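The next block holds one structure in the form of structure tokens; read it before the comments.
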Amino acid sequence: MQELCDLQPFIEQSLDGIEPCKTCFFPSYPGINSINLDAYKPMDFTEQWIYFHGDSTLRQVYGEFYGIIHKTQPMGYAELKHHSRQECPEQGRDSYVPPPGDPAPCYLNEKTCTSFYNSTGMGRSINITYDWKHFMYEDYDRWLYNRWMTEKSGPTFLFVSPGLHDCYHQPDEYEHHARAVRHLVEHLSMLRQTVVYIDMNPVTRATGNQKALKCIFYVNAAAHALAREFGMLMFSRQTMIVSANGKDEAGEFPMHQPDKTVAVEVKVMLAWLGCLLEHKQAGLLSI
């Protein structure tokens, strides 16, 4: 019988004062440095469909996967943005209309990028999709997830993040946003897909105040509790970035972390996820 990977290093990393969550990973420094990532075999996504549903922060995670699949240097943030905006078809939904005083042309991001690859760095015959998600739980989410449920179709893996826009545009409404995340998680729990929820990364740089950061921490805490309640797979970018003091030269948390930071996040997440699924396949974990 093949020896199973060691899941304990991932479970041991949890937030202070909170009981460990078997389906969660709260990576933090210096604990990450003690994990021998080379001891965990690469995930094999052969004949599977990997789907990323989130805003531009999750698009960075998708970019790292894209690089691994191509066995090349991943696209940087600017290249990813251009790729999704210029080379991918529109979602086919009502475009986002910014509120008064907010000139951000977020509607330009409403695209879905899907590619198929025969031979990759993660296996063969793989579909990979990046799909724009603007708010924590909106009509497009309900339509998309309900379609998968009704048709018994859709991807094998769904990596989803609520995105920063709710806390960016309306930081004082953090309690409302937390309720929206509950509705999102309730819907995700009904899907047949393997869902990996990725929490929001902390941001102060683009907002110019601490209100958005408070909102992000509040909503992430709600998501962490929901992961325990629903047994949802949850990876925390927040704990990893905060523990590393991932601020820029101005002492702010940037909206988009450096590419090298995202690369480490993805490497750690894949090691954790692969080991978790190995234990599930062996019947030692119910998720």
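Going by UniProt numbering, the first residue of the sequence shown is number 1, and it counts up by one from there.
No residue lacks a Cβ here, since even glycine has one placed at the ideal position from N, Cα and C.
If you're wondering where the values come from, they're calculated on a predicted model, not measured in any experiment.
LYS211 sits in a helix when the DSSP states are folded into three classes. Shortest Cα-Cα distance from PRO162 to any of VAL196, ARG147 and MET190 involves VAL196. Taken through DSSP and simplified to helix, strand or coil, ARG124 comes out as strand. For GLU265, the closest alpha carbon among the candidates GLY63, GLU47, ASP55 and ILE11 is that of GLY63. Between GLY231 and THR23, the CB-CB gap stays under 7 angstroms. Residue environment: ARG124 is assigned as exposed (fewer than 16 neighbouring CB atoms within 10 Å of its CB, all protein chains considered). Boundaries for ILE35: no alpha helix (DSSP H) harbours it, and the DSSP string shows neither H nor E there. In terms of Cα proximity to ILE32, the closest of GLN8, MET234 and ARG59 is GLN8.
Counting every other CB atom within 10 Å of its CB across the protein chains shown gives MET240 a total of 16 or more, marking it as buried. A Cβ-Cβ distance of about 20 angstroms is found for the pair CYS275 and TYR29, leaving them out of contact under the 8 angstroms criterion. The beta carbon of PHE52 sits closer than 6 angstroms to the beta carbons of LEU58, TYR62, TYR130 and PHE159 from its chain, once the five residues preceding and following it are set aside; these are given in chain order.
Cα atoms of ASP6 and ILE35: separation of roughly 10 angstroms, rounded to the nearest angstrom. In the assembly as shown, SER84 is a buried residue. Its beta-carbon has 16 or more other beta-carbons within 10 Å.
If you look at HIS53, you'll find it in the beta strand (DSSP E) that goes 49–54.
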